[in-house]
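Our numbering numbers the first residue of the sequence shown as 6 and each following residue consecutively.
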Amino acid sequence: MAIDQTPTPEQVGIATPPADDGLLPGHVEAHGIDVIPDAERHGTARSLFALWVAPNVNYLSFVVGGVLVLMGLSLVQAVAAVVAGSLFSIATGIVAVTGPASGTPSQVVTRTMYGVRGNRVAIAVNGWFVSLCYIALNWVTASIIGFALTQRLGIGSSTPVQVVVVLVIATATTAISVYGQGLIMRLYGPLSAGLTVVFLVVSVFLVADADLSYTPPVALHGADLWITWLAAVTLIAATPLSYTISSDFARYLPRSTNPVAVASYTALGGAVPNVVFLTVGALAATVTDLSDPETGLQGIVPGWLITVFLVAILVGILANNALTTYSSGLALQAVGVPLTRVASVAVTALIGAGMTLYALFVFDFLDTVSSALVLLVALVGPIMAIYVTDILLRRNRYDGIELSVDGPASRYWYTGGVNLAGAIACLTSFAAALTCASTEAFTGPVAKALDGLDLSLPVGMIGASALYVGLTRLLYGRTAR
Numbered sequence: 006m007a008i009d010q011t012p013t014p015e016q017v018g019i020a021t022p023p024a025d026d027g028l029l030p031g032h033v034e035a036h037g038i039d040v041i042p043d044a045e046r047h048g049t050a051r052s053l054f055a056l057w058v059a060p061n062v063n064y065l066s067f068v069v070g071g072v073l074v075l076m077g078l079s080l081v082q083a084v085a086a087v088v089a090g091s092l093f094s095i096a097t098g099i100v101a102v103t104g105p106a107s108g109t110p111s112q113v114v115t116r117t118m119y120g121v122r123g124n125r126v127a128i129a130v131n132g133w134f135v136s137l138c139y140i141a142l143n144w145v146t147a148s149i150i151g152f153a154l155t156q157r158l159g160i161g162s163s164t165p166v167q168v169v170v171v172l173v174i175a176t177a178t179t180a181i182s183v184y185g186q187g188l189i190m191r192l193y194g195p196l197s198a199g200l201t202v203v204f205l206v207v208s209v210f211l212v213a214d215a216d217l218s219y220t221p222p223v224a225l226h227g228a229d230l231w232i233t234w235l236a237a238v239t240l241i242a243a244t245p246l247s248y249t250i251s252s253d254f255a256r257y258l259p260r261s262t263n264p265v266a267v268a269s270y271t272a273l274g275g276a277v278p279n280v281v282f283l284t285v286g287a288l289a290a291t292v293t294d295l296s297d298p299e300t301g302l303q304g305i306v307p308g309w310l311i312t313v314f315l316v317a318i319l320v321g322i323l324a325n326n327a328l329t330t331y332s333s334g335l336a337l338q339a340v341g342v343p344l345t346r347v348a349s350v351a352v353t354a355l356i357g358a359g360m361t362l363y364a365l366f367v368f369d370f371l372d373t374v375s376s377a378l379v380l381l382v383a384l385v386g387p388i389m390a391i392y393v394t395d396i397l398l399r400r401n402r403y404d405g406i407e408l409s410v411d412g413p414a415s416r417y418w419y420t421g422g423v424n425l426a427g428a429i430a431c432l433t434s435f436a437a438a439l440t441c442a443s444t445e446a447f448t449g450p451v452a453k454a455l456d457g458l459d460l461s462l463p464v465g466m467i468g469a470s471a472l473y474v475g476l477t478r479l480l481y482g483r484t485a486r
């Protein structure tokens with residue numbers, strides 16, 4: 006009879022938290038980056054749909070949809086870009102399947118791609134610091150919406166009121182992230198339904214007022230059309246490609262959960278609201294400027310509905326930021342900081358709140374940060390491509406216990422703690438993508454030579470995938486370990 010030689014959590018030095026079903030909203034989640042035991046896994050893949058709808062029903066979709074028209078695209082061309090860009094949600098869905106398979110979050114699974122030490126660097130940059138910047142940017146946006154609400158409600162927007170608004174927004178977001186998976190799964194169903202209803206009602210007014218016969222002042226043709234259209238697709242694709250954290254919220258599902266269902270519900274949760282509200286934004290841009298929701302909706306939407314809509318925008322931002330803050334806490338643990346998940350979330354939230362207050366009341370350095378983040382598609386594209394490629398190579402076979410070994414004894418120590426295949430593929434593809442990027446903040450030499458054609462997305466993703474497969478075979482003599 007074969008003897009089970011699989012190491013226990015205690016043998017590999019993993020702290021085993023007290024028993025916790027992970028889904029009780031009244032309890033703070035006990036688990037962090039440790040493996041979720043089979044006995045504590047619950048739920049169905051269907052629940053992931055509502056989870057991903059809430060953060061993707063947001064006002065930014067209206068704004069970005071409008072930007073597509075302002076770029077010079079016709080309505081048909083804009084909708085085509087919306088659909089093409091939203092298809093990248095398939096990658097978000099594929100990444101989610103590693104959660105049930107391993108019982109661990111993305112920040113641990115990626116040790117297979119970058120090695121134990123290499124992964125710490127990758128997570129510190131892409132998993133924590135970049136997320137922190139997004140948290141601060143979103144809180145600034147939410148605060149501005151909050152200031153508009155206090156004005157409409159007659160409270161005013163004095164400095165003390167503004168400080169209170171920022172702290173309330175930060176506290177609400179942090180509370181959701183601290184309570185964790187149980188509260189998130191229970192809360193995001195009603196949130197998704199409520200936000201969708203409000204946004205759809207506003208959309209009815211916008212579409213009814215839209216100019217369906219709109220044509221751009223100067224029609225784009227040939228190279229100009231392709232340059233603009235690819236830029237639009239890249240802009241839309243950046244959001245789903247940044248969600249390499251999708252397995253964080255699928256890891257409590259039973260190991261036997263159908264991976265196709267996990268991928269499908271996750272992808273649809275992001276893609277459906279994106280397609281709908283980006284399209285509405287494009288239609289609305291034919292008659293109004295939605296850069297300011299309060300001003301842009303006046304005369305189109307009833308005043309009382311504008312107030313409700315501002316609340317919905319605020320709630321949508323909180324829903325998005327709560328997921329980011331939650332995963333940032335896991336990222337800080339994965340980097341090696343000796344903190345519990347709750348403490349990691351709290352530290353991240355405190356830094357984010359400090360950045361937000363500084364940006365609002367001292368110096369708006371986040372404009373520079375925002376411009377720099379536009380270039381992130383050159384990085385998130387290769388990272389997502391490597392992740393998806395690794396899943397396909399391994400056929401989604403990930404062992405959470407093996408992944409949790411953090412040291413030279415790890416199966417994923419590779420070369421001095423670094424998977425050279427993943428590191429080289431990521432950095433090389435990032436550099437290549439930058440040369441092909443064309444944004445207001447930066448234009449690479451290849452893009453300049455092509456008169457502004459931005460090929461950073463295909464170059465980065467295809468290059469990263471091909472390099473990862475080739476270098477893995479060359480350096481380690483296998484397609485997957």
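The C-beta atom is built at its ideal place from N, Cα and C for all residues, glycine as well.
Computed from a predicted structure; not experimentally measured.
Exclusion of the five residues before and after residue 76 leaves 233, 236 and 237 as the residues of its chain whose Cβ lies within less than 8 Å of its Cβ. Shortest Cα-Cα distance from residue 320 to any of 476, 247, 281 and 146 involves 146. Rounded to the nearest angstrom, the Cβ distance from residue 331 to residue 189 is 7 Å, consistent with a contact under 8 Å. Within the same chain, Cβ atoms closer than 8 Å to the Cβ of residue 101 are found at 53, 251, 252, 254, 255, 267, 268 and 271, the five residues on either side in sequence being excluded. The residues 80, 83, 219, 221, 287, 290 and 291, in chain order, have a CB closer than 8 Å to that of residue 74 in the same chain once the five nearest residues on each side in sequence are set aside. Nearest in C-alpha terms to residue 412, of all of 144, 395, 302 and 121, is 121. Distance between residue 157 and residue 117, taken at the CA atoms: about 52 Å. Close CB contacts of residue 206 within its chain, under the 8 Å cut and outside five residues either way in sequence, are with 310 (chain order).
Secondary structure note for residue 122: its alpha helix (DSSP H) is the uninterrupted segment 121 to 127. Within the stretch 263 to 309, the complete alpha helix (DSSP H) segments at least 4 residues long are 264 to 289 and 298 to 301, listed from N- to C-terminus. Contact between residue 38 and residue 339 holds, with the beta-carbon distance rounding to 5 Å and staying under 8 Å. Boundaries for residue 250: no alpha helix (DSSP H) harbours it, and the DSSP string shows neither H nor E there. With fewer than 16 other CB atoms across the displayed protein chains lying within 10 angstroms of its CB, residue 303 is exposed. With a cutoff of 9 Å on beta-carbon distance, residue 333 and residue 192 are scored as not near each other. It is roughly 21 Å from the alpha-carbon of residue 241 to the alpha-carbon of residue 212.
Counting only runs of at least 4 residues, the stretch 185 to 255 fully encloses the following alpha helix (DSSP H) elements, listed from N- to C-terminal order: 186 to 214 and 227 to 246. When C-alpha distances from residue 258 are compared across 476, 323 and 41, the shortest belongs to 41. Put simply, the backbone Cα of residue 115 is about 17 Å away from that of residue 342. In this structure, the alpha-carbon of residue 244 lies about 16 Å from that of residue 463. For the pair residue 395 and residue 418, the Cα-to-Cα distance works out to about 16 Å.
By the neighbour-count criterion, in which 16 or more other beta carbons inside 10 Å mark a residue as buried, residue 63 falls on the buried side. Residue 482 is classed as exposed because its beta carbon has fewer than 16 other beta carbons within 10 Å across all chains shown.
Looking from the CA of residue 365, the closest CA among 141, 70 and 71 belongs to 141. If you draw a straight line from the Cα of residue 132 to the Cα of residue 89, it is about 26 Å long. For residue 260, no alpha helix (DSSP H) encloses it, and the DSSP letter there is neither H nor E.
With 16 or more neighbouring CB atoms inside 10 Å of its own CB, residue 459 falls in the buried class.
Within the stretch 60 to 102, no beta strand (DSSP E) run of at least 3 residues lies entirely inside it. Across the structure, residue 68 and residue 425 are spaced so that their CA atoms are roughly 40 Å apart. Residue pairing from DSSP leaves residue 352 without any beta-bridge partner. Excluding its 5 nearest sequence neighbours in each direction, residue 299 has C-beta neighbours in its own chain below 6 Å: 153, listed in chain order.
Spatial neighbours of residue 96 in its own chain (CB-CB distance under 7 Å, excluding positions within 5 residues in sequence) are listed in chain order as 245, 246, 389 and 393. Secondary structure of residue 345 (DSSP, three-state): coil. The C-beta distance from residue 461 to residue 442 rounds to 4 Å, short enough to meet the 8 Å contact threshold.
Relative to residue 454, the option among 440, 446 and 351 whose CA is nearest is 440. Counting along the chain, residue 138 sits inside the alpha helix (DSSP H) bounded by residues 135 to 157. The C-beta distance from residue 178 to residue 326 rounds to 5 Å, short enough to meet the 8 Å contact threshold.
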